[in-house]
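*Asks:* Taking my numbering, the leading residue of the sequence shown gets -15, the next gets one more, and so forth.
Idealized CB from N, CA, C, for every residue including glycine.
My questions all concern the structure below.
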Amino acid sequence: MLSKADSNVKTAALLAIMLGAMILFGVGFAQPAEIHNAAHDTRHALNFPCH
């Protein structure tokens, strides 16, 4: 059985993952080219492979 603290940690982690995925897909598939290009340039600036 999970304690209340464990349950709160798991809930917070799940919400953080969901928020991160929403931001990632929201920016990655954004229609205005400026938003997508800014995210793309940021990934390159941080040495994060994107393609």
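So what's L30 in DSSP terms, helix, strand or just coil?
*Replies:* Here residue 30 corresponds to residue number 46 of the sequence shown, with the count starting at 1. Coil, per DSSP.
*Asks:* Mind checking which residues open and close the alpha helix (DSSP H) that includes F9?
*Replies:* Taking the first residue of the sequence shown as position 1, residue 9 is located at position 25. Per DSSP, F9 belongs to the alpha helix (DSSP H) from -12 to 12.
*Asks:* Name the residue from A14, A(-4), L8 whose alpha carbon lies nearest to the alpha carbon of R27.
*Replies:* On the sequence shown, position 43 is the one that residue 27 refers to. With distances taken between Cα atoms, R27 lies closest to L8.
*Asks:* Throw me the rounded Cβ distance for the L12 and A29 pair, which I believe falls under 8 Å.
*Replies:* By one-based count along the sequence shown, residue 12 stands at place 28. By one-based count along the sequence shown, residue 29 stands at place 45. Looking at the sequence provided, one finds Gly at residue 12 rather than Leu. Going by Cβ atoms, the distance from G12 to A29 rounds to 16 Å, so no, they are not a contact pair.
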